[in-house]
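Here the structure comes first, spelled out in structure tokens, and everything after it is commentary.
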Amino acid sequence: MKRLVKTLVFNLILILIILYTGNILREKWEYNDGQYKTRYQMMRDDFNNNDIKSIFLGSSGAFTAINQTKIFEETEVPTVNLAHLLQSPFTSYHLFEDFIKENEGVEVLFLDILGLTREVTPNNHERETRFYNALVSIKDKEKYLNELKAEFDKDFRISYYMPILKYHDRWNRLKSQDFFEIDEVNTITSYQLTKVADINYEDGYMKEDKDFKKSDIGEKYLMKILDLAKSNDIDVVFYILPKMDYSLNEIEEYHKFAQRHNAPIIDFTSDQLFNQVGIDIKTDFADTIHLNYEGGKKISKYFSNYIVENYPHLQTDISQSTRDIFEREIRIIKAKYEKQQ
């Protein structure tokens, strides 16, 4: 009997050690980069299901430039920004699919077309993290895991459910935060940068790129997004944000792709629109490829006007609960970012 008790106690202690060690080795994906899991799940679950009328998809340029709170302040059209750092069209597709299952009021999707030419695959730690961001956030994890395996031959299933098995590539990347549970912070769903970089944005900065080529995976999932939008009666509007690392070939390819699919495209790199929006290269960039809060306000103002002019019917009554969330965020944004003005 004593031996049985000792065996049970030993096994219990062993299981607890495995679980605790696994928790330490578990990537804190959901707590990184602007509280991604918290932000996304707030946007999907906290708003009234039919209130959200427009959404944005994209990568880091859109993540920092599109201020959904400012868009609501200007239009009173509930809008959410589902963009994130290094977000591939693959991930955007799955977030889009997951979001509209429970938010049936979406009528227009603004889609960053950058993924048509910029390959993002889970082939290193930093990029792998971005694919995990969606995994910890969306509800249909099995489908996401299966398609990751099919598309990239990357099997996250075992390491996701049993993180201790990632010890071989995690032990040398541990940080102090890995040894305690990080509380989820209910923060605002918008994300802004206040850093200012003086950008040398000269005429003719975009050059020909002889090595230019499209991303086959990016094109495939942009097409899947278009098909999913069409089947749900959602309009798609492509956009190109100001950046310093485009090639002329890319911009041309973006316009061709949009034209082939009869979709409008908003090109902020064009001289006309760049000047119309009033982008100031000395105050509106955080670095060469990201707009800061001031630049994002100008881009968001343009999208606000676009929504009002092209979708005036979206300015309808919304639930008080959704209004309360946006009005709370407006107060936080103003206190946090505009008090420095």
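In this text, residue positions in the sequence shown follow the UniProt record's numbering: the first is 1, and each later residue adds one.
Here a beta-carbon is modelled for each residue, glycine too, at the ideal position from N, C-alpha and C.
As the structure is a computational prediction, the values presented were derived from the model and not from experiment.
Per the DSSP calculation, Y239 is bridged to which residue(s)?
One-based indexing of the sequence shown puts residue 239 at position 239. BP columns for Y239 point to D112 and I266.
Return the chain-ordered list of same chain residues with a C-beta closer than 6 Å to the C-beta of E250, the five sequence neighbours on each side being excluded.
Translated into positions along the sequence shown, residue 250 becomes position 250. Closer than 6 Å at Cβ, skipping near neighbours: T117.
Taking the runs of the alpha helix (DSSP H) that are 4 residues or longer, which of them lie wholly in the stretch 252-320?
Here the runs fully enclosed are 271-277 and 293-310.
Quick one: Cα of I15 to Cα of Y160, how far?
As a first step, residue 15 is located in the sequence shown; it is residue number 15 there, counting from the start. As a first step, residue 160 is located in the sequence shown; it is residue number 160 there, counting from the start. One C-alpha to the other measures close to 18 Å.
Could you tell me whether the stretch 309-318 touches the stretch 330-338, where touching means 3 or more Cβ pairs closer than 8 Å?
no
Under 8 Å by Cβ, that's how I've got G105 and H290 pegged, so tell me the actual separation to the nearest angstrom.
Numbered from 1 along the sequence shown, position 105 holds the residue referred to as residue 105. Numbered from 1 along the sequence shown, position 290 holds the residue referred to as residue 290. 30 Å between Cβ atoms; not a contact.
Which residues mark the beginning and the end of the beta strand (DSSP E) in which T91 is found?
Counted from its first residue, the sequence shown places residue 91 at position 91. Segment P89 to E102 is the alpha helix (DSSP H) holding T91; no beta strand (DSSP E) there.
Answer yes if the stretch 73-93 comes into contact with the stretch 121-140, meaning at least three C-beta pairs across the two stretches below 8 Å, and no otherwise.
yes
Three or more beta-carbon pairs under 8 Å between the stretch 68-82 and the stretch 293-312, yes or no?
yes
To the nearest angstrom, report how far apart N50 and L8 are at their CA atoms.
Within the sequence shown, the letter at position 50 stands for residue 50. Within the sequence shown, the letter at position 8 stands for residue 8. So the two alpha carbons sit approximately 52 Å from each other.
Residue 389 versus E128, V108 and L109, residue with shortest Cα-Cα distance:
Since the first residue of the chain shown is 1 and the last is 341, residue 389 is not available in this structure.
Of the choices E107, L109 and D98, whose alpha-carbon is the least far from that of K139?
Reading the sequence shown from its first residue, position 139 is the one you call residue 139. Comparing Cα positions, the closest option is D98.
Quick one, are the C-beta atoms of K298 and D284 less than 8 Å apart?
Stepping through the sequence shown from its first residue, residue 298 is reached at position 298. Stepping through the sequence shown from its first residue, residue 284 is reached at position 284. Using a Cβ distance threshold of 8 Å, K298 and D284 count as a contacting pair.
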